[in-house]
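Presented below is the structure to which this report refers.
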Amino acid sequence: MLSARAVRAGQGYRLLHANIHMRLHGSQLLLSGGAFRPPCMSTLTKPSTLLQSAIRWSATKSPGDPKDSITEKSTTAAKRLLSKIPLKTHENIYTLPNILTFSRLVAAPLVGYFLVHDYHAAALSLFAYAGITDLVDGWIARRYQLQTVVGTIIDPMADKLLMTIGVACLAVNGSLPVWLAVIILGRDVGLAISAIYYRWISLPPPKTMARYWDFSLPSAEVKPTEISKINTALQLVLVGSAIGLPVVPEAIISSWHLTEAMTAFQYLVAGTTLWSGLSYVFSKNAVKILTKEEVQKRIAEAAAKRKP
Numbered sequence: 001m002l003s004a005r006a007v008r009a010g011q012g013y014r015l016l017h018a019n020i021h022m023r024l025h026g027s028q029l030l031l032s033g034g035a036f037r038p039p040c041m042s043t044l045t046k047p048s049t050l051l052q053s054a055i056r057w058s059a060t061k062s063p064g065d066p067k068d069s070i071t072e073k074s075t076t077a078a079k080r081l082l083s084k085i086p087l088k089t090h091e092n093i094y095t096l097p098n099i100l101t102f103s104r105l106v107a108a109p110l111v112g113y114f115l116v117h118d119y120h121a122a123a124l125s126l127f128a129y130a131g132i133t134d135l136v137d138g139w140i141a142r143r144y145q146l147q148t149v150v151g152t153i154i155d156p157m158a159d160k161l162l163m164t165i166g167v168a169c170l171a172v173n174g175s176l177p178v179w180l181a182v183i184i185l186g187r188d189v190g191l192a193i194s195a196i197y198y199r200w201i202s203l204p205p206p207k208t209m210a211r212y213w214d215f216s217l218p219s220a221e222v223k224p225t226e227i228s229k230i231n232t233a234l235q236l237v238l239v240g241s242a243i244g245l246p247v248v249p250e251a252i253i254s255s256w257h258l259t260e261a262m263t264a265f266q267y268l269v270a271g272t273t274l275w276s277g278l279s280y281v282f283s284k285n286a287v288k289i290l291t292k293e294e295v296q297k298r299i300a301e302a303a304a305k306r307k308p
């Protein structure tokens, strides 16, 4: 029978031989997506087996073994090679909730166009559609487990685009005071700049503009705070009321004191807007940068849910 030292020497030789093959043919392995397999590795079922063999052998070797340097180099080379193997980091973004959200993105500029040209009835109808789909897409995503990371990004983006265009156009035609528009839009601009920053620092390399705008590459998750959800609802009611007020007969506006009620409501929205902006600054859970393992886990879970 062979001695333990002879067995370890044989294992070290095989690891060295595998290391040489990986250095010579590593590019073939990367280009073929793992299809290339050196002869000495024909018994290995996956690349990680090489690392496991190296770890087991290093645990049994005696101190001062001359094969130490060979093992360390082989293990380092294998880890470096495995780290270069591309992983699938895309998720399916073509879901019904995301399609409804994209339709809200398209509807927002149309609302602004109708407001500028004093088509308040058409603007109110399209604004109501945006509000209904905002509720429906979230329910569908939760009910049928269609949540995606991109959905957590474009959903508030659609809300903010609708609010930005609506508030700006209402301020231009005098339906909302300018000071309130500055508060609402200033908060949204600050959040938009923060979103751009977090998207860039969380994007896995290589950082390119094409990958930056590829929302099927999840990198960060935005979780709205509770006060932010309340503020968004109040802002939607405010903008909807300002859009629909010109449609209401003057007699009803006077008898119900709707003008005074709108003024008080504007101050309420101003307060919640400032509060919600500060909540993002001091909250530790509002923005979460996803690790590679979390991205892979979420994509795998989404793929499993889509299987019949």
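The sequence shown begins at 1 in the working numbering and counts up by one. Cβ atoms here follow ideal geometry from the backbone N, Cα and C, with glycine treated the same way.
| query | From the DSSP output, which residues share a beta bridge with E221? | reply | To locate residue 221, count along the sequence shown from 1; it is residue 221. In the DSSP output, where bridge partners are listed per residue, E221 has K288.
| message | Between I243, I93, S228, L115, which has its C-alpha nearest V310's C-alpha? | response | Coverage of the chain is limited to positions 1 through 308, which leaves residue 310 absent and any answer about it impossible.
| said: Given this structure, state the Cα-to-Cα distance separating I93 from D214, to the nearest angstrom. | reply: Here residue 93 is taken as the residue at index 93 of the sequence shown, counted from 1. Here residue 214 is taken as the residue at index 214 of the sequence shown, counted from 1. Rounded to whole angstroms, the gap between the alpha carbons of I93 and D214 is 10 Å.
| Any heavy atom of the ligand MG closer than 7 Å to the CB of T101? | Absence of the ligand MG is noted for the structure shown, with no ligands found whatsoever.
| message | Quick check on N98: does DSSP put it in helix, strand or coil? | response | Here residue 98 refers to the residue found at position 98 when the sequence shown is read from its first residue. In the structure shown, N98 sits in a helix (DSSP, three-state: H, G or I).
| query | Nearest-angstrom Cα distance between A300 and S279? | reply | As a first step, residue 300 is located in the sequence shown; it is residue number 300 there, counting from the start. As a first step, residue 279 is located in the sequence shown; it is residue number 279 there, counting from the start. Taking the straight line from one Cα to the other gives about 32 Å.
| Exposed or buried, which one is P156 when buried takes at least 16 other CB atoms within 10 Å? | Here the question's residue 156 lines up with position 156 in the sequence shown. Buried is the call here.
| task | Could you say which of S241, L203, A286, K297 lies nearest to H120 if we only look at CA atoms? | result | For this step, residue 120 is matched to residue 120 along the sequence shown. Closest by alpha carbon: S241.
| query | Considering only C-alpha positions, which residue in the set L126, I243, L236, L191 is nearest to L170? | reply | The residue given as residue 170 occupies position 170 in the sequence shown. L170 has its Cα closest to that of I243, out of L126, I243, L236, L191.
| message | Classify L96: buried if its beta carbon has 16 or more other beta carbons within 10 angstroms, exposed otherwise. | response | As a first step, residue 96 is located in the sequence shown; it is residue number 96 there, counting from the start. Exposed, because fewer than 16 other Cβ atoms sit within 10 Å of the Cβ of L96.
| task | Sort G112, D137, V136 by Cα distance to S318 and report the nearest one. | result | Only positions 1 to 308 of the chain appear in the structure, and residue 318 is not among them; the question remains open.
| As assigned by DSSP and simplified to three states, the class of K297 | On the sequence shown, position 297 is the one that residue 297 refers to. Residue state, collapsed to three classes: helix.
| message | Please report the distance separating the alpha-carbon of L161 from that of P204. | response | Locating residue 161 in the sequence shown gives position 161, where the first residue counts as 1. Locating residue 204 in the sequence shown gives position 204, where the first residue counts as 1. When rounded, the distance between both Cα atoms is 27 Å.
| task | Could you say if the region 224 to 238 and the region 262 to 271 meet the contact criterion of at least three C-beta pairs nearer than 8 Å? | result | Judged by Cβ distances under 8 Å, the region 224 to 238 makes contact with the region 262 to 271, as three or more pairs qualify.
| query | In terms of residue numbering, what span does the alpha helix (DSSP H) encompassing I184 cover? | reply | Counting from 1 along the sequence shown, the entry for residue 184 is found at position 184. Annotation: the continuous alpha helix (DSSP H) that includes I184 extends over 178 to 202.
| query | Counting Cβ pairs closer than 8 Å, one from the region 126 to 135 and one from the region 247 to 255, do we hit at least three? | reply | The region 126 to 135, when compared against the region 247 to 255, does not touch it at the 8 Å Cβ threshold.
| task | Report buried or exposed for D118, applying the criterion of at least 16 other Cβ atoms within 10 angstroms of its Cβ. | result | As a working note, residue 118 is residue 118 in the sequence shown. By the 10 Å Cβ count, D118 comes out exposed.
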